[in-house]
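There are 2 protein chains.
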Amino acid sequence: MEVENIGEMKKIVVAVDESEESMYALSWCLNNVVSVSHQNSVSPTLVLLYVKPSPPANYSAFDVAGYLFGNDVVADLEDYSRKLVDSVMSKAQEVCMKSNIDIKVEKKVGSGDAKNVICGTVEKLGADMLVMGSHGYGFLKRTLLGSVSYDCAKRVKCPMVVVKHPRNVL
Amino acid sequence: MEVENIGEMKKIVVAVDESEESMYALSWCLNNVVSVSHQNSVSPTLVLLYVKPSPPANYSAFDVAGYLFGNDVVADLEDYSRKLVDSVMSKAQEVCMKSNIDIKVEKKVGSGDAKNVICGTVEKLGADMLVMGSHGYGFLKRTLLGSVSYDCAKRVKCPMVVVKHPRNVL
């Protein structure tokens, strides 16, 4: 086999969510990938990707008992979702700033099935690396499943780093 | 959450096997992790880990029809196994040399269930990163399962990079 000369990393996608572990993964990436690349005159762009659940998957106009949610409830949920996005992105931005690394950061917010959105975004951007925490992606039931990162590892074409928070190791 | 100051990578384990993809993963690691760390005055030790199947799991003294294998057959298999180890390690060493990076390389050969040996070695060494190809680990039936890397991603405590050979992307 010819050893291929693999290019330097130009675009790194970090999937962030509400979990402490995803912020740890971002921090790990900044300290161990971005910082060394940066000091090596390579300045990758860091894409912070947050996927919010699409409304139909998490709440519909009908609740479990078949009653129609009032518009006020739906509005509240949408408002909550917006605040969640802002909160996660602010936290991620704070982690980036604390790293004291002068990097280009892009923020992207997707909606829908996390693994589909993450893998689709990575492919669309032609990313050189995907970084995410090992446990679940996101809020509600997604946290309990903990399989999004493994699904992504199977599907994504670029190298993927799965980072585990020390508190979550078995 | 306090952003933790994560240390530099000192020990990187790369699980190698007979597959082209594992050599690609090694090459990726050299080009994208070791090289930048090295130029950043950090010189990690690269541990090349090969796990050979333990004899009882792949051939026993009895074949499928219940006949005892002759000692000559068992000896042939053991000889083949030794040659396989040498071949994989030589190839991996060649990939390292071609990278023109002056790194410290250690070779380790384990025996048994790949995921157990890989995760156990990573833990025992206190490795800072595990790198392996996405498709299967190793020869024979292990190649077809393709799940060792995902099992390791679930179990290993340190960050793990799953690298896919461009030819293997879906």
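As given, the protein sequences belong to chains F and C, one line each in that order.
Note that full-length UniProt numbering has the first sequence beginning at 1, numbered continuously upward.
Note that full-length UniProt numbering has the second sequence beginning at 1, numbered continuously upward.
Glycine included, every Cβ here is placed at the ideal spot set by N, Cα and C.
Small disclaimer: the values here were computed from a predicted structure and weren't measured.
For the pair valine 156(C) and asparagine 71(F), the Cα-to-Cα distance works out to about 46 Å. Listed in chain order, the non-local C-beta contacts of leucine 26(C) below 8 Å within the same chain comprise Val14, Val16, Leu48, Ala92, Val95, Cys96 and Val131, local neighbours out to five positions each way being set aside. Its Cα nearest to that of threonine 45(C), the residue Lys104(C) stands out among Met23(C), Val161(C), Cys158(C) and Lys104(C). The DSSP assignment places 55–58, 71–98 and 114–125 as complete runs of the alpha helix (DSSP H) inside the segment 50–135 of chain C, in order along the chain (cut-off: 4 residues). In this structure, the beta-carbon distance from valine 163(F) to cysteine 29(F) falls below 9 Å. Exclusion of the five residues before and after glutamate 106(F) leaves Thr45, Leu46, Val47 and Leu48 as the residues of its chain whose Cβ lies within less than 8 Å of its Cβ. For methionine 160(C), the enclosing beta strand (DSSP E) begins and ends at 160–163.
The Cβ-Cβ distance between serine 134(F) and asparagine 31(F) does not fall below 9 Å.
Relative to the Cα of asparagine 116(F), the nearest Cα in the group Asp86(F), Asp128(F) and Tyr150(F) belongs to Tyr150(F). Taking 9 Å as the threshold, the shortest C-beta distance from serine 111(C) to chain F does not fall below it.
One alpha carbon belongs to glycine 126(C), the other to aspartate 79(F), and they sit about 45 Å apart. Within chain F, the C-beta atoms nearer than 8 Å to that of serine 134(C) come from Ala153 and Lys154, in chain order.
Among the CB atoms of chain F, none fall inside 9 Å of the CB of tyrosine 50(C).
Identification of chain F residues near lysine 164(C) by a Cβ-Cβ cut-off of 8 Å yields Val156, Lys157, Cys158 and Pro159, ordered along the chain.
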